[in-house]
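Participant:
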Amino acid sequence: MTGLARWSLLSSQVAAASLSRSILARLDEGDLLLVAGRPGHGKTTLGLQLLLDAARDGRKAVFFTLEFTEQQARRHLRSLDEGRHGLCDKLQILTSDDISADYIIRHLSGSERGTVAVIDYLQILDQQRSKPALSDQVLALGDFARQTGVVFGFISQVDRSFDPESKRLPDIRDIRLPNLVDLRLFNKAYFLHNGEARLQDVA
Numbered sequence: 001m002t003g004l005a006r007w008s009l010l011s012s013q014v015a016a017a018s019l020s021r022s023i024l025a026r027l028d029e030g031d032l033l034l035v036a037g038r039p040g041h042g043k044t045t046l047g048l049q050l051l052l053d054a055a056r057d058g059r060k061a062v063f064f065t066l067e068f069t070e071q072q073a074r075r076h077l078r079s080l081d082e083g084r085h086g087l088c089d090k091l092q093i094l095t096s097d098d099i100s101a102d103y104i105i106r107h108l109s110g111s112e113r114g115t116v117a118v119i120d121y122l123q124i125l126d127q128q129r130s131k132p133a134l135s136d137q138v139l140a141l142g143d144f145a146r147q148t149g150v151v152f153g154f155i156s157q158v159d160r161s162f163d164p165e166s167k168r169l170p171d172i173r174d175i176r177l178p179n180l181v182d183l184r185l186f187n188k189a190y191f192l193h194n195g196e197a198r199l200q201d202v203a
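Oh and the sequence shown: position 108 is 108 in the UniProt record's numbering, straight run, nothing missing.
Okay, here's the thing in structure tokens:
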């Protein structure tokens with residue numbers, strides 16, 4: 001486990017921007033990244049900031065969300081961008097209830113290498129029983145990423161059994177998995193809690 005960073009929750013927008021730039025510099029084409037934390041500890045903000053920074057670098061940036069409406073997502077993005085750069089208007093936001101690996105792959109087919117896509121969020125990709133099992137979806141997205149050079153970020157929940165009294169930050173063992181998935185399919189993971197963040201190499 002590497003890369004402990006401190007950042008104030010009181011200045012989370014500035015901190016997320018700094019951390020996001022550091023993460024992007026560490027990501028390789030075809031990587032699968034987990035961004036994980038308990039509610040209210042900045043994982044969604046960090047995921048959106050990754051997209052803003054990717055757009056700033058001239059890369060295609062896409063947000064697939066099963067949680068937000070497009071209006072909610074753009075409002076959050078504008079608050080992070082502070083309306084100064086117009087970056088949030090360059091992002092694609094998809095909010096369909098049909099979001100799944102197949103849907104994502106169809107949408108990103110033909111994208112340039114280095115495209116960054118953030119998925120909100122891992123644990124509900126297979127919430128509808130008509131969708132393939134989560135493990136199968138992650139396998140498909142991993143294969144697609146390796147073939148195309150697309151980078152995927154997965155916003156992820158941390159199980160409520162995580163106890164900050166016993167360790168300061170969650171780790172890969174604390175990812176909430178209502179359905180079985182091999183976490184070794186991911187390359188890297190960032191864990192957030194109480195103003196600290198840590199990178200864990202997974203694969």
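A virtual CB, placed ideally from N, CA and C, is assigned to each residue, including glycine. What you are looking at is a predicted structure, and each value in this text was computed from that prediction instead of being measured.
Would you call L180 buried or exposed, if buried means 16 or more other Cβ atoms sit within 10 Å of its Cβ?
Facilitator: Answer is exposed; the Cβ neighbour count stays below 16.
Participant: Could you check the C-alpha separation between D31 and A73 for me, to the nearest Å?
Facilitator: C-alpha separation (whole angstroms): 24 Å.
Participant: Provide the residue span of the alpha helix (DSSP H) that contains T95, from first to last.
Facilitator: First-last for T95: undefined, no H or E at that position.
Participant: Would the stretch 33 to 48 count as touching the stretch 182 to 193 if we require 3 or more Cβ pairs under 8 Å?
Facilitator: Cβ pair count under 8 Å is three or more, so yes.
Participant: In chain order, which continuous runs of the alpha helix (DSSP H) of length 4 or greater are located wholly inside the stretch 111 to 177?
Facilitator: Runs of the alpha helix (DSSP H) inside the stretch 111 to 177: 134 to 148.
Participant: Let me check one thing: in DSSP terms, what residues is T65 bridge-paired to?
Facilitator: Bridge partners of T65: D120.
Participant: Give the straight-line distance between the Cα atoms of D120 and L52, rounded to the nearest whole angstrom.
Facilitator: The alpha-carbon atoms of D120 and L52 are separated by roughly 15 Å.
Participant: Does the Cβ-Cβ distance between E67 and I93 come in under 8 Å?
Facilitator: No, these two residues do not count as a Cβ contact at 8 Å.
Participant: On the DSSP bridge list, what partners appear for K188?
Facilitator: DSSP, once it has assigned bridges, lists L33 and D201 as partnering K188.
Participant: Measuring CA to CA, which of L33, G47, L80 and K90 is closest to D57?
Facilitator: Nearest option by C-alpha distance: K90.
Participant: Would you identify the three-state DSSP class for E70, choosing helix, strand or coil?
Facilitator: Helix, per DSSP.
Participant: Between A55 and the ligand NAP, is there a pair consisting of the residue's CB and a ligand heavy atom that are separated by less than 7 Å?
Facilitator: With respect to the ligand NAP, the structure shown offers nothing to examine, as it has no ligands at all.
Participant: For D174 and R38, I'd like the C-alpha separation in whole angstroms.
Facilitator: Straight-line Cα distance between these residues: approximately 10 Å.
Participant: Identify whether H193 lies in helix, strand or coil by the three-state DSSP scheme.
Facilitator: Residue state, collapsed to three classes: strand.
Participant: Taking 8 Å as the cut-off, does the stretch 156 to 166 touch the stretch 133 to 140 (at least 3 CB pairs, one atom from each stretch)?
Facilitator: Result no; under three Cβ-Cβ pairs closer than 8 Å.
Participant: Excluding five sequence neighbours on each side, which residues of the same chain lie with their C-beta closer than 6 Å to the C-beta of L27?
Facilitator: Taken in chain order, the residues that qualify are V151.
Participant: Excluding the 5 residues preceding and the 5 following Q157 in the sequence, name in chain order all residues of the same chain whose CB lies nearer than 6 Å to its CB.
Facilitator: If we look at Q157 and ignore the five residues flanking it on each side, its Cβ neighbours are Q123 and R176.
Participant: Which of the three DSSP states is assigned to L91 in this structure?
Facilitator: Three-state result, L91: coil.
Participant: Between the beta-carbon of F144 and the beta-carbon of I105, is there less than 8 Å?
Facilitator: Their beta carbons are under 8 Å apart, which means F144 touches I105 by this criterion.
Participant: Identify the continuous alpha helix (DSSP H) that holds L52 and give its terminal residues.
Facilitator: It spans K43 to R56 - the alpha helix (DSSP H) in which L52 sits, taken as one unbroken run.
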